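Worksheet: one structure, shown below.
2 protein chains.
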Amino acid sequence: MLKAILVIADGMADWPLKELDGKTPLEVAVKPTMNQIARDGVCGIVDPISPGTPPGSDTATIAFLGYSPMEVYSGRGALEAVGSGVEVLRGDVAFRCNFASVDKDLVVLDRRAGRISNEDASRLTRSLQRIKLKKSFDASFVFKNTVQHRATLVIRGPKLSTAISDSDPEQNGKEVLEIEPLDRRSESARTAAIVSRLMSEFRNVLAEHPVNKERARRKQSPANFVLCRGAGTIPKIIPLPELYNIKSACIAAVSLIKGVCKVAGMDLISVKGATGTPKTDYMAKAKATVKALKTHDFVLLHVKATDVASHDGNARLKVETIGKIDGMLDHVLKNIDLDATHLALTADHTTSCVTRNHEGDPVPIAIIGPYVRRDSVREYSERACAEGGLNRIRGTDLMRILMSFLGRTKKFGS
Amino acid sequence: MLKAILVIADGMADWPLKELDGKTPLEVAVKPTMNQIARDGVCGIVDPISPGTPPGSDTATIAFLGYSPMEVYSGRGALEAVGSGVEVLRGDVAFRCNFASVDKDLVVLDRRAGRISNEDASRLTRSLQRIKLKKSFDASFVFKNTVQHRATLVIRGPKLSTAISDSDPEQNGKEVLEIEPLDRRSESARTAAIVSRLMSEFRNVLAEHPVNKERARRKQSPANFVLCRGAGTIPKIIPLPELYNIKSACIAAVSLIKGVCKVAGMDLISVKGATGTPKTDYMAKAKATVKALKTHDFVLLHVKATDVASHDGNARLKVETIGKIDGMLDHVLKNIDLDATHLALTADHTTSCVTRNHEGDPVPIAIIGPYVRRDSVREYSERACAEGGLNRIRGTDLMRILMSFLGRTKKFGS
Numbered sequence: 178m179l180k181a182i183l184v185i186a187d188g189m190a191d192w193p194l195k196e197l198d199g200k201t202p203l204e205v206a207v208k209p210t211m212n213q214i215a216r217d218g219v220c221g222i223v224d225p226i227s228p229g230t231p232p233g234s235d236t237a238t239i240a241f242l243g244y245s246p247m248e249v250y251s252g253r254g255a256l257e258a259v260g261s262g263v264e265v266l267r268g269d270v271a272f273r274c275n276f277a278s279v280d281k282d283l284v285v286l287d288r289r290a291g292r293i294s295n296e297d298a299s300r301l302t303r304s305l306q307r308i309k310l311k312k313s314f315d316a317s318f319v320f321k322n323t324v325q326h327r328a329t330l331v332i333r334g335p336k337l338s339t340a341i342s343d344s345d346p347e348q349n350g351k352e353v354l355e356i357e358p359l360d361r362r363s364e365s366a367r368t369a370a371i372v373s374r375l376m377s378e379f380r381n382v383l384a385e386h387p388v389n390k391e392r393a394r395r396k397q398s399p400a401n402f403v404l405c406r407g408a409g410t411i412p413k414i415i416p417l418p419e420l421y422n423i424k425s426a427c428i429a430a431v432s433l434i435k436g437v438c439k440v441a442g443m444d445l446i447s448v449k450g451a452t453g454t455p456k457t458d459y460m461a462k463a464k465a466t467v468k469a470l471k472t473h474d475f476v477l478l479h480v481k482a483t484d485v486a487s488h489d490g491n492a493r494l495k496v497e498t499i500g501k502i503d504g505m506l507d508h509v510l511k512n513i514d515l516d517a518t519h520l521a522l523t524a525d526h527t528t529s530c531v532t533r534n535h536e537g538d539p540v541p542i543a544i545i546g547p548y549v550r551r552d553s554v555r556e557y558s559e560r561a562c563a564e565g566g567l568n569r570i571r572g573t574d575l576m577r578i579l580m581s582f583l584g585r586t587k588k589f590g591s
Numbered sequence: 178m179l180k181a182i183l184v185i186a187d188g189m190a191d192w193p194l195k196e197l198d199g200k201t202p203l204e205v206a207v208k209p210t211m212n213q214i215a216r217d218g219v220c221g222i223v224d225p226i227s228p229g230t231p232p233g234s235d236t237a238t239i240a241f242l243g244y245s246p247m248e249v250y251s252g253r254g255a256l257e258a259v260g261s262g263v264e265v266l267r268g269d270v271a272f273r274c275n276f277a278s279v280d281k282d283l284v285v286l287d288r289r290a291g292r293i294s295n296e297d298a299s300r301l302t303r304s305l306q307r308i309k310l311k312k313s314f315d316a317s318f319v320f321k322n323t324v325q326h327r328a329t330l331v332i333r334g335p336k337l338s339t340a341i342s343d344s345d346p347e348q349n350g351k352e353v354l355e356i357e358p359l360d361r362r363s364e365s366a367r368t369a370a371i372v373s374r375l376m377s378e379f380r381n382v383l384a385e386h387p388v389n390k391e392r393a394r395r396k397q398s399p400a401n402f403v404l405c406r407g408a409g410t411i412p413k414i415i416p417l418p419e420l421y422n423i424k425s426a427c428i429a430a431v432s433l434i435k436g437v438c439k440v441a442g443m444d445l446i447s448v449k450g451a452t453g454t455p456k457t458d459y460m461a462k463a464k465a466t467v468k469a470l471k472t473h474d475f476v477l478l479h480v481k482a483t484d485v486a487s488h489d490g491n492a493r494l495k496v497e498t499i500g501k502i503d504g505m506l507d508h509v510l511k512n513i514d515l516d517a518t519h520l521a522l523t524a525d526h527t528t529s530c531v532t533r534n535h536e537g538d539p540v541p542i543a544i545i546g547p548y549v550r551r552d553s554v555r556e557y558s559e560r561a562c563a564e565g566g567l568n569r570i571r572g573t574d575l576m577r578i579l580m581s582f583l584g585r586t587k588k589f590g591s
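What follows is the structure in structure tokens.
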């Protein structure tokens, strides 16, 4: 049975950098395994969304899994919630939240409440979870903290809408924003009212909470408000098992990616030591991938570290991180059956060490497998892959190309 | 006046094959003329439908003629009927049929009725054609046998639907299936009832037919049932003459391709000795193409043989067949005015000698003509053409590119 691995190195593609003598981090990194994949495979470049559109990691991953992000993307909130283990059902509206410190006039003093510890956040969360919405609202909520100040809020009930504004001003020193409906539908007014009410009940509970009294004694910022943003629903997509009759798994540290994969019907595999940072345990991820492939037809392996280095504008760290990903790939390649496995290596977007942002440039791709039309590309990089046999494809093409190699796309016509 | 020829070698593209030392049949075939076309022309790769989607020959040809198969494809039945010379009007529903042998419990003993001769099938057909549907059905039918056990059925009347199931179980030893509506519309129920009734009347006539008595004496399987499948209508398309003001012709042996071309408003040119097999008369097709170009602006030349060899997994025969197609092209090129003719050479899909199936990989294309932007590609093959100046295009792009070379596309804008 043919199987496939899709390796996504977050933000790995870059621009030619002055500090690297006009080369990209990929071009200067020591990466014998990536080069081997390019040499033995068919290469090309991919526009994850469309030429010139800077992708998010969520939209790019949605596209790579074969779904049109323009059609199905419905905000980060719900994906992040699903990825952090909160159940989000069709019709629910989910938000990304922050514990924050505000003054008496509701001016935000610290959007991260002094990067509150997981422990304090958990204690506060337990109290907030006990709140009951008035029966007349005809809605319930799920609130869950994730890492440090971060949390997830899900509103459940009939007739909800994502067309409501954020309360998070996204900047310290600004006032908390009113949550308001963004259109004239009654669903939007209703949802804004529910969330506003809930935030004010949260505020009442937090104001008097023992944790905040302890924090005051320790001279730590109080977590006396919950900011929310990014109202979203889960994308309406047909999951991969149904589309291709495959069992698939996701190995990723980042909630957002886990959320996308979960929604696509993939099993989430937890890896000890996978942190989503440059200090992640690359070898643990490699081993988990090899293991997952024994029980799954398709495994998505996501590494966040390259993006983290890029957002810090740290080209040297990015080069080093690429070397570590190369080591991870070496372990994977040496422990899978190359006569029965296709492996695609790509990045979800270009993150420029110059702008420290996601950019709209295409990303390199290389695919190895038993019957790919190997081309003459000998190096894995943005520019070398542009000369490959795949030419230039779209993110949404990738999954069907892989599934076609696995014999899992249906003929159209006769 | 500029003219164009589109040569489609069915299933000619392939994968690198172990038995050919990792080369594709195109890469090892002796094909000086194809290489000349690549050298003198502009090359590229084409996704007939979309990357990773295995095309049918019908959907790919529809795309190459410039029509979106996703929008207009409406089943094989009607195309095959039109291609075999049966008139199919808008609103008609057409089926592919088989004369079959069934036992008294309607278990299919032989889906091909012992590959009944054309003569026997024609005699049975004449009797079936005399059947009249009861007036209350408000419908008529056309039934016509084509080659051996194959036949075509067209139902004509108001309010018909293609949403009905097949009676053909597609396997010997299984029972004939009930023809049932596939949705709740009254049109579907009505169509299913008409076809069911007709099949039972067919059965009554065949049971007592002298041909079957003779076949029994000769110990041949009786043709005592007509199985049908693939309910379809003709695609709603604007024909080529109307779109581009051209007179166009199709040279193909296969009914399905002839059907597509007929529906697109092309003249069908019969060629003696064109069989749709590796033993087809390649030179006769070449001569017919040269001749057709004198009276037409655009000629589509289709050769089925490469696909036949691929479905048999016969790489050596495929290589040999490509050599014969090359000879055919040599004759064409030597007998047309190269200063006034564009010629495009492509395949309608990849058919892998490994899987013996249509695959979702792109196919090579090369176009010669007086003003094409000749590139540096020197060989006609899947991989060499991938480095060409056309890069990677879609099947639906091809016709407009050709018509543009002929000055027959209208400027959009000013």
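Residue numbers (our numbering), protein chains in the order written: chain A, 178 to 591; chain B, 178 to 591.
Glycine residues also receive a C-beta, built at the ideal position from the N, C-alpha and C atoms.
Given the structure is predicted, the values throughout are model-derived calculations rather than measurements.
(request) Determine the burial state of A201 of chain B: buried for a count of at least 16 other Cβ atoms within 10 Å of its Cβ, exposed for fewer. (result) It should be noted that the sequence gives Thr, not Ala, for residue 201 of chain B. Answer is buried; the Cβ neighbour count reaches 16.
(request) Spell out the partners DSSP gives T518 of chain A in its beta bridges. (result) A:K180
(message) What does the alpha-carbon distance come out to for the pair M376 of chain B and V476 of chain B?
(response) 39 Å
(message) Using DSSP's beta-bridge definition, name the partner residues of C613 of chain A.
(response) Missing from the structure shown is residue 613 of chain A; chain A here goes from 178 to 591 and no further.
(request) Would you mind sorting E564 of chain B into buried or exposed? The rule is 16 or more other CB atoms within 10 Å of its CB. (result) buried
(request) Please compile the residues from chain A whose C-beta is within a distance smaller than 7 Å of the C-beta of G229 of chain B. (result) D574, R577, I578, M580, S581, T586
(request) Please check if any C-beta of chain A sits within less than 8 Å of the C-beta of A465 of chain B. (result) no
(request) Identify which residue in A:F320, A:Q397, A:V219, A:T410 has its Cα closest to the Cα of G291 of chain A. (result) A:Q397
(request) Output yes if chain B places a C-beta closer than 8 Å to the C-beta of Y250 of chain A; else output no. (result) no
(message) Does the structure place the segment 226 to 244 of chain A close enough to the segment 383 to 396 of chain A that three or more beta carbon pairs sit under 8 Å?
(response) no
(request) Rank A:L522, A:G566, A:D516, A:Y557 by C-alpha distance to the C-alpha of L583 of chain A and give the top, closest one. (result) A:D516
(message) Between R216 of chain A and chain B, is any beta-carbon pair separated by less than 8 Å?
(response) no
(message) Only counting the same chain, and skipping five residues up and downstream in sequence, which positions put a Cβ closer than 6 Å to that of A655 of chain A?
(response) There is no way to answer for residue 655 of chain A, as the model of chain A reaches only from 178 to 591.
(request) Please report how far the alpha carbon of R555 of chain A lies from the alpha carbon of E248 of chain B, in whole angstroms. (result) 40 Å
(request) Starting from the beta carbon of N568 of chain A, find every residue of chain B whose beta carbon is closer than 7 Å, and list them in chain order. (result) I222, A563, N568, R569
(message) Below 7 Å, is the gap between the Cβ of K449 of chain B and the nearest heavy atom of the ligand NAD?
(response) The ligand NAD is absent from the structure shown, which contains no ligands of any kind.
(message) Check whether the segment 563 to 578 of chain A and the segment 437 to 451 of chain B touch, using three or more Cβ-Cβ pairs below 8 Å as the test.
(response) no
(request) Would you decide whether R602 of chain A is buried or exposed? Buried here means 16 or more other CB atoms lie within 10 Å of its CB. (result) An answer regarding residue 602 of chain A cannot be provided, because it is not within the stretch 178 to 591 covered by chain A.
(message) By alpha-carbon positions, which one of B:L470, B:S432, B:V205 ends up nearest to V324 of chain B?
(response) B:S432
(message) Cutting at 7 Å between CB atoms, please list the residues of its own chain near E378 of chain B, excluding the five before and the five after it.
(response) I308
(message) Counting C-beta neighbours from all protein chains within 10 Å, is the total for I411 of chain B 16 or more, i.e. buried, or is it exposed?
(response) buried
(message) Residues of the segment 537 to 554 of chain A in Cβ contact with chain B at a cutoff of 9 Å, in chain order, please.
(response) P547, Y548, V549, R550, R551, D552, S553
(message) If I measure Cβ to Cβ from E352 of chain B and keep anything under 8 Å in the same chain, skipping five residues before and after, which residues do I get?
(response) D282, L283, V284, V285, P346
(request) May I have a chain-ordered list of the beta strand (DSSP E) segments no shorter than 3 residues that lie completely inside the segment 252 to 331 of chain A? (result) 270 to 279, 285 to 287, 317 to 322
(message) Output needed for R550 of chain A: all residues of its chain with C-beta closer than 7 Å, excluding positions within five of it in sequence on either side, in chain order.
(response) V219, G566
(request) Compute the Euclidean distance between the alpha carbons of L179 of chain A and V540 of chain A, then round it to the nearest angstrom. (result) 26 Å
(message) I'd like to know if S591 of chain A contacts chain B, where contact means its C-beta is closer than 8 Å to some C-beta of that chain.
(response) yes
(request) Note the first and the last residue of the continuous beta strand (DSSP E) segment covering F402 of chain A. (result) 402 to 409
(message) Rounding to the nearest angstrom, what Cα-Cα distance links L337 of chain A and C530 of chain B in this structure?
(response) 54 Å
(request) Determine whether the Cβ of A237 of chain B lies closer than 8 Å to any Cβ atom of chain A. (result) yes
(request) Kindly indicate which three-state DSSP category N212 of chain A falls into: helix, strand or coil? (result) helix
(message) Residues of chain A with CB closer than 8 Å to the CB of P232 of chain B, please, in chain order.
(response) K588, F589, G590
(request) Using alpha carbons as the reference points, say which of A:V372, A:K435, A:K424 lies closest to C405 of chain A. (result) A:V372
(message) Just to confirm before moving on: does the CB-CB distance between K311 of chain B and D503 of chain B stay below 8 Å?
(response) no
(message) Please classify I415 of chain A as buried or exposed, where buried requires at least 16 neighbouring CB atoms within 10 angstroms.
(response) exposed
(message) Helix, strand or coil for L583 of chain B? Go by DSSP, reduced to three states.
(response) coil
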